[in-house]
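*Asks:* Just so you know, the sequences run in chain order A and B.
Take the first sequence: its position 82, counted from the start at 1, is 82 in my numbering, and no numbers get skipped.
Take the second sequence: its position 210, counted from the start at 1, is 1210 in my numbering, and no numbers get skipped.
All C-beta atoms in this analysis are idealised placements derived from N, C-alpha and C, irrespective of residue type, glycine included.
Since this is a predicted model, take the numbers as computed values, not measurements.
Before we start, here is the structure in question, set down as structure tokens.
Number of protein chains: 2
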Amino acid sequence: MVRAGVVVTGTEVLTGRVADRNGPWLADQLRQAGVDIADIVVVGDRPDDLRDALAFLSGVQLIITSGGLGPTADDLTAVTVGDFQGRPSALDPDLEQRIADIVERLMAGRGWKTDPEATAAAVRKQAFVPTGASVLAPVGTAPGLVVPPAEGRAGPPVLVLPGPPRELQGMWAAALADPIVGEALAGRAELRQRTMRIWGVPESELSAALRRHDDDLDGLEVTTCMTDAELEIVTRYAPDAEQAYDRLGDALVGEFGAALYSRDGRTVDRVVADALLERSLTIATTESCTAGLLAGRLTDLPGSSAYVLGGLVTYSNLAKHELAGVPMELIDRVGAVSEEVAEAMAAGARWRLGTDVGVGITGVAGPDGGTAEKPVGLVHLCVVAPGRTLSRRINVPGSRRDVRLRTVAVAMHMIRSVLTE
Amino acid sequence: MVRAGVVVTGTEVLTGRVADRNGPWLADQLRQAGVDIADIVVVGDRPDDLRDALAFLSGVQLIITSGGLGPTADDLTAVTVGDFQGRPSALDPDLEQRIADIVERLMAGRGWKTDPEATAAAVRKQAFVPTGASVLAPVGTAPGLVVPPAEGRAGPPVLVLPGPPRELQGMWAAALADPIVGEALAGRAELRQRTMRIWGVPESELSAALRRHDDDLDGLEVTTCMTDAELEIVTRYAPDAEQAYDRLGDALVGEFGAALYSRDGRTVDRVVADALLERSLTIATTESCTAGLLAGRLTDLPGSSAYVLGGLVTYSNLAKHELAGVPMELIDRVGAVSEEVAEAMAAGARWRLGTDVGVGITGVAGPDGGTAEKPVGLVHLCVVAPGRTLSRRINVPGSRRDVRLRTVAVAMHMIRSVLTE
Chain A
1 MVRAGVVVTG
11 TEVLTGRVAD
21 RNGPWLADQL
31 RQAGVDIADI
41 VVVGDRPDDL
51 RDALAFLSGV
61 QLIITSGGLG
71 PTADDLTAVT
81 VGDFQGRPSA
91 LDPDLEQRIA
101 DIVERLMAGR
111 GWKTDPEATA
121 AAVRKQAFVP
131 TGASVLAPVG
141 TAPGLVVPPA
151 EGRAGPPVLV
161 LPGPPRELQG
171 MWAAALADPI
181 VGEALAGRAE
191 LRQRTMRIWG
201 VPESELSAAL
211 RRHDDDLDGL
221 EVTTCMTDAE
231 LEIVTRYAPD
241 AEQAYDRLGD
251 ALVGEFGAAL
261 YSRDGRTVDR
271 VVADALLERS
281 LTIATTESCT
291 AGLLAGRLTD
301 LPGSSAYVLG
311 GLVTYSNLAK
321 HELAGVPMEL
331 IDRVGAVSEE
341 VAEAMAAGAR
351 WRLGTDVGVG
361 ITGVAGPDGG
371 TAEKPVGLVH
381 LCVVAPGRTL
391 SRRINVPGSR
401 RDVRLRTVAV
411 AMHMIRSVLT
421 E
Chain B
1001 MVRAGVVVTG
1011 TEVLTGRVAD
1021 RNGPWLADQL
1031 RQAGVDIADI
1041 VVVGDRPDDL
1051 RDALAFLSGV
1061 QLIITSGGLG
1071 PTADDLTAVT
1081 VGDFQGRPSA
1091 LDPDLEQRIA
1101 DIVERLMAGR
1111 GWKTDPEATA
1121 AAVRKQAFVP
1131 TGASVLAPVG
1141 TAPGLVVPPA
1151 EGRAGPPVLV
1161 LPGPPRELQG
1171 MWAAALADPI
1181 VGEALAGRAE
1191 LRQRTMRIWG
1201 VPESELSAAL
1211 RRHDDDLDGL
1221 EVTTCMTDAE
1231 LEIVTRYAPD
1241 AEQAYDRLGD
1251 ALVGEFGAAL
1261 YSRDGRTVDR
1271 VVADALLERS
1281 LTIATTESCT
1291 AGLLAGRLTD
1301 LPGSSAYVLG
1311 GLVTYSNLAK
1321 HELAGVPMEL
1331 IDRVGAVSEE
1341 VAEAMAAGAR
1351 WRLGTDVGVG
1361 ITGVAGPDGG
1371 TAEKPVGLVH
1381 LCVVAPGRTL
1391 SRRINVPGSR
1401 RDVRLRTVAV
1411 AMHMIRSVLT
1421 E
């Protein structure tokens, strides 16, 4: 098995001020390319710690670093990797000119005033690279680097990539095409990777089902995880295990029925979008506690303007009445957080936007505003479609954020259920 | 300096299917408690890799693991840590009973049907813990553990915490209060940590400014990072460097003026909320390409119902007209993505919701729908407040997601600017 290790650098990542999106992205790309990931190590902007991490990972075939290529003094990755590989750094004048051209265009585009001296120092810093390293063309301002060990030294090459995800991802194809990287990863066997998704079933039930079908798992590497009350089953296998994978799929459909809502890896977002497109239906929302997050999610996918016409965010009771046409008398009688008001909000979305499907959401997101009868976390949802109405009441534990995000997930699955089951 | 290392376990984290929220959270908590973080190591559900990571970190004073305490067979952290510390695992019958009670309540609350045998196996698995470890009471179903090295062994104790962030965070106070953890972290010196925020200035300018004021930085540990086109400056210092920190703040205000919009660490979200509350103003939105994400963000903070009355998501042109009152003639003449329509949308939000402040956003989120004249990433924003109108046109590079999120950030800063500058 060919293995790689990833080092994510940056005190801002280590201390949680910026979430690392690179480690997981790289891991996913590598796995799909048939390379196993050993570890992702996050270190701060301290050369000693980076050096220790490189040494820790030196048993793998390729080390990839992300971050620490920026213009500031605490961006130390290039020089530290060079020293680790026995390649002292020097200024690359061609690279300096290329970066200077990029920076000039960038600053002009943003209309930022800059101090020429500070800019020149920043450019020079980014063009100071280990001798003998291959340079990958910058996507932003920082170049990538492939740094093999110096003549006579052992250990894997280090692929040095920039921290901003857009830049790192934009450089990935060039990195894989680099001959030294290619040689390091020689012998990798591309694997198929397939995903199934289950909604509303505890992980322990899935574990028990997988144990019951242990015989079907030969040649399959199955991993499961639960996110957003949803179970994701990711399976990797060599092409000759395709039939085993099909048998596993059949077995799980037998176990979980319609709860296994995606056998082809489509997310609930994609399933909902496809169902709306296939049946030429339009959709609109009226949201209170989620306040636009469901509309925002329904429009995440490109092309959503074909079926999302709009939505209403009715945070106040008056807005529920005036925008969505919920009778004030109803709100006074049963309260804004109630099954009746959720249904009137769903109907109001259909009516106001002239759509086929309407969704209404009203709840107590907290942390304040809860009562004994209507505690924080209580949410009423309703989906109205031609000939069908589906209402649900949920109690979500956790923070305001948890309540809002879980509610949006439940709403997506209710829409899916109404449209496809 | 007292140092800790964090091991995040889980193939789903390593492969990017679940984002790690625990490593950064723990790092932040530890730093505020005066403990330095050496590394965060992410490993898959493989005992060998976990063991290697524990060995790599064994020079620190405390190792913390997160994840791998669940009910499934690939949750191996407790047993692996026990073996590493020379403490074989055994069933803890009291713990088994406590977990069984919790699981029973949980399943009843969710209304899930469960197989009693699968449930019992899951409970037993979670009560199988290293001998001599201290048990931290479960927040979800999994207990935390403090596992010191066995008699006669060297190395730091390992604090074993569950993977779900809510459970891990809920257990943190109890973990810090554990005597073995307390002893490991003895000698830590609590530091002050303060944050300043700057909007619309490149990182190289900040670096240059910090170099100019190098004399003011004595005793201060300054880290900077750029997220969402915003610069965050986090400084840690011992209490006796308070005056040096004040001088740094004065110097940066002198350099950047109003661009340094937060000297007290408040986020733009908080600054906007405070400005609305102080002046008793209300706000509403009309969103096209962001489709509810701005309304969703304005309502992230508790108490936002005091000033957010609602919003309109006008994805279709007809919705822009019928909901926000944008004249069809205007849309036909200048196009839906235009300064004029953004302003009419902002005015429409104020009018329709009866608020003091209105925000209008219309743009091309992509990846399709762009033209030479109105390319993907072009967005017009407008904020209308009593006596003040602010319009901006931006061109955002990157993906649909990048365009939408950056637009929401720009809108937040435009609202802040209108209300506070």
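Distance check for A:Ala-306 and A:Gln-193, CA to CA, integer angstroms please.
*Replies:* Mapped onto the first sequence, residue 193 of chain A falls at position 193. Mapped onto the first sequence, residue 306 of chain A falls at position 306. Between A:Gln-193 and A:Ala-306, the C-alpha separation is close to 31 Å.
*Asks:* Report the neighbours of A:Leu-14 on chain B: residues whose CB is nearer than 7 Å to its CB, in chain order.
*Replies:* By 1-based counting over the first sequence, the position of residue 14 of chain A is 14. Those are Ala-1027, Ile-1037 and Ile-1040, listed as they occur along chain B.
*Asks:* Mind checking which residues open and close the alpha helix (DSSP H) that includes B:His-1321?
*Replies:* Here residue 1321 of chain B corresponds to residue number 321 of the second sequence, with the count starting at 1. Taken as a continuous stretch (DSSP letters only), the alpha helix (DSSP H) holding B:His-1321 covers 1317-1324.
*Asks:* Would you kindly check if the distance between the Cβ of A:Phe-128 and the Cβ of A:Ser-66 is under 8 Å?
*Replies:* Taking the first sequence and counting its residues from 1, the one referred to as residue 66 of chain A is at position 66. Taking the first sequence and counting its residues from 1, the one referred to as residue 128 of chain A is at position 128. No, the Cβ-Cβ distance between A:Ser-66 and A:Phe-128 is not below 8 Å.
*Asks:* Scan the region 1363-1387 of chain B for residues whose Cβ lies nearer than 9 Å to a Cβ of chain A and list them as they occur along the chain.
*Replies:* Answer set for the region 1363-1387 of chain B: Ala-1365, Gly-1366, Pro-1367, Asp-1368 and Gly-1369.
*Asks:* Could you tell me how far apart the beta carbons of A:Glu-232 and A:Arg-197 are, in whole angstroms, since I believe they sit closer than 8 Å?
*Replies:* Within the first sequence, the letter at position 232 stands for residue 232 of chain A. Within the first sequence, the letter at position 197 stands for residue 197 of chain A. About 6 Å separates the two Cβ atoms, so the contact holds.
*Asks:* Of the residues B:Pro-1202, B:Leu-1252, B:Gly-1257 and B:Gly-1082, which one's Cα is nearest the Cα of B:Ser-1417?
*Replies:* The residue labelled residue 1417 of chain B in the question sits at position 417 within the second sequence. If we check each option's Cα against that of B:Ser-1417, B:Gly-1257 comes out closest.
*Asks:* Identify, in the order they occur along the chain, each residue of the same chain with its Cβ nearer than 6 Å to the Cβ of A:Val-253, setting aside the five sequence neighbours on each side.
*Replies:* Taking the first residue of the first sequence as position 1, residue 253 of chain A is located at position 253. If we look at A:Val-253 and ignore the five residues flanking it on each side, its Cβ neighbours are Leu-260.
*Asks:* Could you name each continuous alpha helix (DSSP H) segment of 4 residues or more that falls completely within the region 1075-1145 of chain B, going from the start of the chain to the end?
*Replies:* Qualifying alpha helix (DSSP H) stretches, in chain order: 1077-1084, 1093-1110 and 1116-1126.
*Asks:* Please list, in chain order, all residues of the same chain as B:Val-1013 whose beta carbon is under 6 Å from its beta carbon, the five residues on each side excluded.
*Replies:* By one-based count along the second sequence, residue 1013 of chain B stands at place 13. So the list reads Asp-1020 and Val-1042, once near-sequence residues are dropped.
*Asks:* Residues of chain B with CB under 8 Å from A:Ser-66, in chain order?
*Replies:* One-based indexing of the first sequence puts residue 66 of chain A at position 66. By Cβ distance, chain B contributes nothing, its closest Cβ being about 13 Å from A:Ser-66, past 8 Å.
*Asks:* Do we get a CB-CB distance below 8 Å when we pair B:Gly-1023 with the residues of chain A?
*Replies:* For the purposes of this step, residue 1023 of chain B is taken as the residue at position 23 of the second sequence. With 8 Å as the cut-off, B:Gly-1023 counts as an interface residue toward chain A.
*Asks:* Apply the 10 Å Cβ neighbour rule to B:Asp-1101 and answer buried if 16 or more other Cβ atoms are within range, or exposed otherwise.
*Replies:* The residue labelled residue 1101 of chain B in the question sits at position 101 within the second sequence. By the neighbour-count rule (16 or more Cβ atoms within 10 Å), B:Asp-1101 is not buried but exposed.
*Asks:* For the region 1204-1216 of chain B, list every residue whose C-beta sits within 9 Å of some C-beta in chain A, in sequence order.
*Replies:* Cβ contacts with chain A: Ser-1204, Glu-1205, Leu-1206, Ser-1207, Ala-1208, Ala-1209, Leu-1210 and Arg-1211.
*Asks:* Is B:Glu-1230 closer than 8 Å to A:Asp-115 when the C-beta atoms are compared?
*Replies:* Working through the first sequence from its first residue, we reach residue 115 of chain A at position 115. Working through the second sequence from its first residue, we reach residue 1230 of chain B at position 230. Contact: no.
*Asks:* By the 10 Å Cβ neighbour count, where 16 or more other Cβ atoms means buried, how is A:Gly-358 classified, buried or exposed?
*Replies:* For the purposes of this step, residue 358 of chain A is identified with residue 358 of the first sequence, where counting begins at 1. Flag for A:Gly-358 reads buried.
*Asks:* Which ranges would you report for the alpha helix (DSSP H) in the region 1273-1355 of chain B if only whole runs of at least 4 residues count?
*Replies:* With a minimum length of 4 residues, the continuous alpha helix (DSSP H) runs that stay inside the region 1273-1355 of chain B are 1293-1298, 1317-1324, 1328-1334 and 1339-1353.
*Asks:* Whose C-alpha, out of A:Gly-310, A:Tyr-315 and A:Val-308, is nearest the C-alpha of B:Gly-1310?
*Replies:* For the purposes of this step, residue 1310 of chain B is taken as residue 310 along the second sequence, with counting starting at 1. Among A:Gly-310, A:Tyr-315 and A:Val-308, the Cα nearest to that of B:Gly-1310 is on A:Tyr-315.
*Asks:* Since B:Leu-1054 meets chain A, which of its residues come closer than 8 Å, beta carbon to beta carbon?
*Replies:* For the purposes of this step, residue 1054 of chain B is taken as the residue at position 54 of the second sequence. None at all; the shortest Cβ gap to chain A is about 12 Å.
*Asks:* Establish whether the CB of A:Thr-267 and some CB of chain B are separated by less than 8 Å.
*Replies:* On the first sequence, position 267 is the one that residue 267 of chain A refers to. Not one chain B Cβ lies under 8 Å of A:Thr-267.
*Asks:* Do A:Val-364 and A:Thr-407 have their CB atoms nearer than 8 Å?
*Replies:* Taking the first sequence and counting its residues from 1, the one referred to as residue 364 of chain A is at position 364. Taking the first sequence and counting its residues from 1, the one referred to as residue 407 of chain A is at position 407. It is not a contact, given that the beta carbons lie outside the stated cut-off.
*Asks:* Counting only beta-carbon separations shorter than 8 Å, does A:Arg-166 have a partner in chain B?
*Replies:* Numbered from 1 along the first sequence, position 166 holds the residue referred to as residue 166 of chain A. Output row for A:Arg-166: interface = yes.
*Asks:* Quick one: which chain B residues come within Cβ less than 7 Å of A:Leu-299?
*Replies:* By 1-based counting over the first sequence, the position of residue 299 of chain A is 299. Note on identity: in this sequence residue 299 of chain A is Thr, with Leu being the wrong assignment. Ordered by position in chain B, the residues that pass the 7 Å Cβ test against A:Thr-299 are Ala-1291 and Tyr-1315.
*Asks:* Would you call B:Gly-1187 buried or exposed, if buried means 16 or more other Cβ atoms sit within 10 Å of its Cβ?
*Replies:* Taking the second sequence and counting its residues from 1, the one referred to as residue 1187 of chain B is at position 187. So B:Gly-1187 ends up on the exposed side.
*Asks:* Compare the C-beta of B:Gly-1358 with all C-beta atoms of chain A and state if any pair is closer than 8 Å.
*Replies:* The residue you call residue 1358 of chain B lines up with position 358 of the second sequence. No, its Cβ sits nowhere closer than 8 Å to a Cβ of chain A.
*Asks:* Contact check, A:Ser-207 vs B:Thr-1072 under 8 Å by CB: the rounded distance?
*Replies:* If you number the first sequence from 1, residue 207 of chain A lands on position 207. If you number the second sequence from 1, residue 1072 of chain B lands on position 72. Right, the Cβ-Cβ distance comes to about 4 Å (below 8 Å), so this counts as a contact.
*Asks:* In the DSSP assignment, find the beta strand (DSSP E) that holds A:Thr-407 and state where it starts and stops.
*Replies:* Stepping through the first sequence from its first residue, residue 407 of chain A is reached at position 407. Run containing A:Thr-407: none in the beta strand (DSSP E); it sits in the alpha helix (DSSP H), 400-420.
*Asks:* Give the residues of chain A in contact with B:Arg-1400, contact being defined as C-beta atoms less than 7 Å apart.
*Replies:* Against the second sequence, residue 1400 of chain B aligns to sequence position 400. Pro-302, listed in chain order.
*Asks:* Restricting to runs no shorter than 3 residues, where is the beta strand (DSSP E) found entirely within the region 209-273 of chain A?
*Replies:* Within the region 209-273 of chain A, the complete beta strand (DSSP E) runs of at least 3 residues are 220-227, 230-237 and 260-262.
*Asks:* For A:Ala-347, which option in A:Arg-333, A:Ala-372, A:Gly-366 and A:Gly-387 has the closest C-alpha, if you only look at C-alpha atoms?
*Replies:* As a first step, residue 347 of chain A is located in the first sequence; it is residue number 347 there, counting from the start. Minimum Cα distance to A:Ala-347 is reached at A:Gly-387.
*Asks:* Select from the region 1316-1328 of chain B all residues with a C-beta closer than 7 Å to any C-beta belonging to chain A, and list them in chain order.
*Replies:* Listed by position, the residues of the region 1316-1328 of chain B near chain A (Cβ gap below 7 Å) are Ser-1316, Ala-1319 and Leu-1323.
*Asks:* For A:Asp-39, I'd like the list of residues in its chain whose CB is within less than 6 Å of its CB, leaving aside the five on either flank, ordered along the chain.
*Replies:* Translated into the one-based positions of the first sequence, residue 39 of chain A becomes position 39. Taken in chain order, the residues that qualify are Gly-5.
*Asks:* Going by the beta-carbon positions, is the gap between A:Asp-218 and A:Ala-238 smaller than 8 Å?
*Replies:* For the purposes of this step, residue 218 of chain A is identified with residue 218 of the first sequence, where counting begins at 1. For the purposes of this step, residue 238 of chain A is identified with residue 238 of the first sequence, where counting begins at 1. No, Cβ-Cβ distance for A:Asp-218 and A:Ala-238 is not below 8 Å.
*Asks:* The beta strand (DSSP E) with B:Val-1018 in it runs from where to where?
*Replies:* As a working mapping, residue 1018 of chain B is identified with position 18 in the second sequence. No beta strand (DSSP E) contains B:Val-1018, which DSSP labels as neither H nor E.
*Asks:* Within the same chain, show all residues whose beta-carbon is closer than 8 Å to that of B:Val-1341, passing over the 5 residues directly before and after it, in chain order.
*Replies:* Your numbering for residue 1341 of chain B matches position 341 in the second sequence. Lys-1320, Val-1326, Leu-1330, Ile-1331, Val-1334, Gly-1335, Gly-1360, Thr-1362 and His-1380.
*Asks:* Given that a residue counts as buried once 16 or more other Cβ atoms are within 10 Å of its Cβ, and exposed if not, what is A:Glu-343?
*Replies:* The residue given as residue 343 of chain A occupies position 343 in the first sequence. A:Glu-343 is buried by the Cβ-count criterion.
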